[in-house]
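In what follows, a single structure is set out as structure tokens and then discussed.
In the working numbering, the protein residues as written are 18 to 545.
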């Protein structure tokens with residue numbers, strides 16, 4: 018039996034239908050970004066030596082770590098504060114908060130940039146060794162760090178105002194497409210490591226300008242439509258409110274960024290840039306599989322914050338469980354396919370030498386399946402104001418990751434890095450699940466997630482694994498079996514669309530700006 022979305026009808030900003038519509042747009046962007054990311058990886062690995070490719074991947078990983086740190090928690094902070102301010106008619110405070118966040122991000126990025134430029138020789142030697150162009154590459158990336166931090170902050174602000182289009186067009190599609198184009202030009206021109214790095218970084222500078230202009234246009238439109246609302250708070254009080262919430266998120270963000278990218282740097286430093294290149298290609302499959310999760314959660318975060326601000330616990334729990342099922346419906350098929358086709362996929366995107374990354378793909382795919390089933394627990398903690406708990410989880414996960422990396426990489430290489438990453442992901446999700454259950458009395462599991470998980474295993478896991486047990490199938494046969502499974506999976510989802518709440522996604526096909534009800538959700542299961 019199904020029940021309408023209580024508390025989400027009409028103009029309520031947390032309508033699941035709005036999450037579905039915005040999530041659908043973000044998923045399209047994520048899919049486009051995934052294709053472009055794979056294309057970029059393919060161009061680099063096919064057009065350069067493994068040492069050069071590994072050095073580029075290691076340097077850009079450091080850049081992404083530092084740029085994310087330089088945001089100083091603005092991504093989640095703006096997703097929490099801006100929806101609250103809109104619900105409370107505090108547009109003046111929303112504007113001030115965005116400017117605080119952008120200023121802090123730029124200053125943090127500029128400080129880190131200056132340090133890296135001064136230490137460029139030592140940084141280059143530590144990451145890429147004697148490969149030519151390392152110092153110039155560090156300088157190029159350092160200059161772009163504050164710009165990238167501001168770009169990400171402004172895009173976070175547009176998402177906080179429940180507008181996903183800038184993120185899709187500027188970052189997921191525009192920036193990624195420009196990177197592919199610039200790298201192709203650099204390769205054709207015979208650029209060294211420094212030139213390739215410049216080609217990779219330039220789109221971030223362009224994206225920064227576009228993101229700032231787009232945010233200002235959205236802000237002006239909101240002011241024209243709604244006015245500034247209630248009088249703005251004192252700047253000191255607003256800054257204190259922002260800082261108290263954000264500082265744990267800053268440390269958590271640092272931990273998360275190191276967790277996501279440090280393994281590539283450590284493999285390059287403790288083993289070789291060539292092995293880091295293979296590891297990077299293998300982990301790209303994991304990162305691409307996570308794009309669907311990120312797309313849904315980026316949209317769900319501000320709506321969840323608004324629901325919690327309105328005090329609608331039942332609707333928030335229902336959204337939590339439904340987002341978990343939607344995430345599983347996207348990620349489980351992808352990672353089950355990766356388990357079956359790991360050697361084929363690695364060969365396709367890197368060449369025969371990259372097949373050695375098969376074990377990395379398997380380890381990370383299993384961890385990703387478990388993480389998806391655990392739901393967006395960290396998002397719930399953050400939107401519920403439990404950033405301290407999120408920080409604890411991030412630090413514990415980082416400790417597990419770095420300890421296992423230092424212990425395992427020298428002994429078993431990139432497989433050790435994969436084990437360390439997988440262990441950290443599972444630990445953080447289990448801790449978050451325990452905390453959400455203890456504080457809010459919610460679990461991500463529901464009939465929805467059982468349905469989706471069962472269908473994914475039935476159509477993507479069982480047939481291919483059975484075939485490999487009883488025979489030695491070719492890659493072509495496995496692809497054909499999985500294609501048939503995909504058709505069956507989609508048909509099953511369509512058949513069970515009401516039970517799985519997938520009817521909410523049909524709202525994106527409607528032309529109405531604010532439909533009264535975009536979909537239905539299953540009634541909450543009673544505790545036994």
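Note that CB positions come from ideal geometry on N, CA and C, so glycine has one too.
{"Query": "Residue 462 - DSSP class collapsed to helix/strand/coil", "Result": "coil"}
{"Query": "Within 8 Å, strictly: CB atoms of residue 441 and residue 417", "Result": "yes"}
{"Query": "Whole-angstrom C-beta distance between residue 405 and residue 422, which should lie under 8 Å", "Result": "Actually they are not in contact, since the Cβ atoms of residue 422 and residue 405 sit about 26 Å apart, beyond 8 Å."}
{"Query": "Rounded separation between residue 217 and residue 199 - CA only", "Result": "7 Å"}
{"Query": "Same chain only: Cβ atoms within 6 Å of residue 523, ignoring 5 sequence neighbours per side", "Result": "Here the model assigns residue 523 a pLDDT of 48, short of 50, so the residue's position is not dependable and the matter cannot be decided."}
{"Query": "Supposed contact pair residue 379 and residue 359 - C-beta distance, whole angstroms, cut 8 Å", "Result": "6 Å"}
{"Query": "Where residue 517 falls: helix, strand or coil (DSSP)", "Result": "coil"}
{"Query": "From 428, 436, 207, 60, residue whose alpha carbon lies closest to that of residue 414", "Result": "436"}
{"Query": "Closest residue to residue 272 among 292, 419, 363 (Cα-Cα distance)", "Result": "419"}
{"Query": "When 152, 425, 128, 131 are compared against residue 139, the one with the closest alpha-carbon", "Result": "152"}
{"Query": "Residue 502, enclosing alpha helix (DSSP H) - first and last residue", "Result": "492-512"}
{"Query": "Distance, residue 511 Cα to residue 144 Cα", "Result": "49 Å"}
{"Query": "Spatial neighbours of residue 331 in its chain, beta-carbon cut-off 6 Å, leaving aside the 5 residues before and after", "Result": "none"}
{"Query": "Selected residue, minimal CA-CA separation from residue 462, among 197, 340, 170", "Result": "340"}
{"Query": "Residue nearest to residue 207 in terms of C-alpha spacing, selected from 66, 118, 107", "Result": "66"}
{"Query": "Assigned exposure category for residue 191 - 16 Cβ within 10 Å defines buried", "Result": "buried"}
{"Query": "Selected residue, minimal CA-CA separation from residue 123, among 84, 83, 100, 167", "Result": "167"}
{"Query": "Environment of residue 96 [buried if 16+ CB atoms lie within 10 Å]", "Result": "buried"}
{"Query": "Separation of residue 118 from residue 71, as counted between CA atoms", "Result": "34 Å"}
{"Query": "Contact check, residue 431 vs residue 304, beta carbons under 8 Å", "Result": "no"}
{"Query": "Cα-Cα separation between residue 107 and residue 276, rounded to whole angstroms", "Result": "36 Å"}
{"Query": "Contact set for residue 121: own chain, Cβ-Cβ below 6 Å, skip 5 residues either direction", "Result": "89"}
{"Query": "Cβ-Cβ distance between residue 290 and residue 497 below 8 Å", "Result": "no"}
{"Query": "Simplified DSSP assignment, three categories, for residue 107", "Result": "coil"}
{"Query": "Residue 181, DSSP secondary structure in three states", "Result": "coil"}
{"Query": "Residue 383 versus residue 352 - alpha carbon distance", "Result": "8 Å"}
{"Query": "Buried/exposed call for residue 183, threshold 16 Cβ in 10 Å", "Result": "buried"}
{"Query": "Segment limits, alpha helix (DSSP H) that includes residue 262", "Result": "252-287"}
{"Query": "Residue burial classification, residue 177 (beta-carbon count within 10 angstroms, cutoff 16)", "Result": "buried"}
{"Query": "Proximity of residue 342 and residue 475 at Cβ, strictly below 8 Å", "Result": "no"}
{"Query": "Burial state of residue 489 (16 or more Cβ within 10 Å)", "Result": "exposed"}
{"Query": "Check whether residue 470 and residue 345 have beta carbons under 8 Å apart", "Result": "yes"}
{"Query": "Close-in-space but distant-in-sequence residues of the same chain around residue 355 (CB under 6 Å, 5 per side omitted)", "Result": "302, 378, 382"}
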